[in-house]
Each structure stands twice: as structure tokens, then as C-alpha cells.
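In the numbering used here, each residue's number is its place in the sequence shown (first place is 1) plus 12.
Using N, Cα and C, we set each Cβ at its ideal position, and we do this for glycine too.
Single-structure report; data block below.
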Amino acid sequence: MRLDKKYWGGLLNEGSNFQWEAQPQHPVHGDAGSKGWVKTDTYRVMNFAVLAIGLFLVLKKPASQALSGRIQGIKEQLEELEEKKNAAEAKLAEYDAKMAELDKEAEALLAEYIKKGEDAKASILKEAEAAAERLKEQASKNIEYEFLQAKAELKAEIVEKALAKAEAIIKEKIDSEDQEKLVDEYLAKVVA
13 MRLDKKYWGG
23 LLNEGSNFQW
33 EAQPQHPVHG
43 DAGSKGWVKT
53 DTYRVMNFAV
63 LAIGLFLVLK
73 KPASQALSGR
83 IQGIKEQLEE
93 LEEKKNAAEA
103 KLAEYDAKMA
113 ELDKEAEALL
123 AEYIKKGEDA
133 KASILKEAEA
143 AAERLKEQAS
153 KNIEYEFLQA
163 KAELKAEIVE
173 KALAKAEAII
183 KEKIDSEDQE
193 KLVDEYLAKV
203 VA
């Protein structure tokens, strides 16, 4: 049973009227003053007491139910909010764990990429050193080959010039008698 403001306002006004009427009023012009407690005052007090007790008995159960319902509703809301808070804290803990896991994965990936970079660098340096060594060996072989070829060409040129010089000297010094003697010696060696 729901009581509106008009009801309560009327009840309060009734009670406030009672208090004013129960107290002696100031004498008005020509009035001899208050006569004290009158019989109607007793009826009014009894009427108010019956009304207050009746209201208490009538409103006790609905007010109690309304208050207990409100208390129960607040308890349920608190429990629901507590469950939501616990769920949110669990989610937060889960997300914190995921973030920590992601941080670990990021660090692992970074370490892996750094290691791969170091390995690639070492491999490239090793290949470059091997290529430099091969180029050095090839250059050394080329230099040796060029040196031997130049030496052979120089020898051939020296021999050719020496032969030309010897031939020129021989042509100048040999006469026909020496030439016949050489031919005879050669034939003797060949025949013998």
C-alpha cells in the first residue's frame, strides 16, 4: 500500500492542529481566558492515539516490507556490483598476464632477430674474407704467371738477339776455308 504526500501532509496537519488546540489560546477581547483541560481535549488525545496506533499497525507491515525489499534490493545490487568488480579484476589480471606474455614474446623475438642479424653479419664477413682470399690467391697466380711469361719472353728475346749477334759475328769471322772444315766435321760426326 503506497501512501502519497497528500496523505502524510494531511496527517501532519491534523497533528499540528491538535497541538495548537490542546494548548491554551490567548484570550481574545471579551474572553475570560482558558478553562483548562476540557472533556473534548481528552477525546481528541484518545482519537489521536487510536489513529496513531491504527496507522502504526496498518503501516507497520507494508513499511517493513518496503524497507526490507529496499534493503534486499540494495544487497542484491551490492552483490551484483561485487561480482562485476571481481569479474573486472579477473579480466584485468588476465589482460596483465597477456601483456606480460606479449612483452616476453616481444623480447624473445627481438633477441631472435638480433641473433639472426649477428649470424648473417658473421656469415657475410666470412664469405667476404673467403672471397678476398680467393682474389688474393688469383692475383698472386696472375702475377706469377705474368712474371714467368715476361721472363720467358725476355729469355726468348735475349736468345734471339744473342743468336743474331753470334750469327753476325760468325759471318764476319768465318771464311770459306773454315766453312768447309765445319761441314767436314759435322759430316764426320753424323756418319760416324
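Which residue marks the beginning of the alpha helix (DSSP H) containing residue i, and which one marks its end?
i: Asp108; result: Lys51 to Lys185
i: Lys193; result: Ser188 to Val203
Taking 6 Å as the cut-off, does the CB of residue i come closer than this to any heavy atom belonging to the ligand ATP?
i: Ile155; result: Annotation note on the ligand ATP: not contained in the displayed structure, which lists no ligands.
Could you tell me if residue i is buried or exposed, where buried requires 16 or more neighbouring beta carbons within 10 angstroms of its beta carbon?
i: Glu33; result: In this prediction, Glu33 scores a pLDDT of 46, lower than 50, which makes its location untrustworthy; no coordinate-derived value is stated.
i: Lys193; result: exposed
i: Gln35; result: For Gln35, the predicted structure reports a pLDDT of 49, less than 50, and the residue's modelled location is therefore unreliable. A value from the coordinates is still provided. Its Cβ having fewer than 16 others within 10 Å, Gln35 is exposed.
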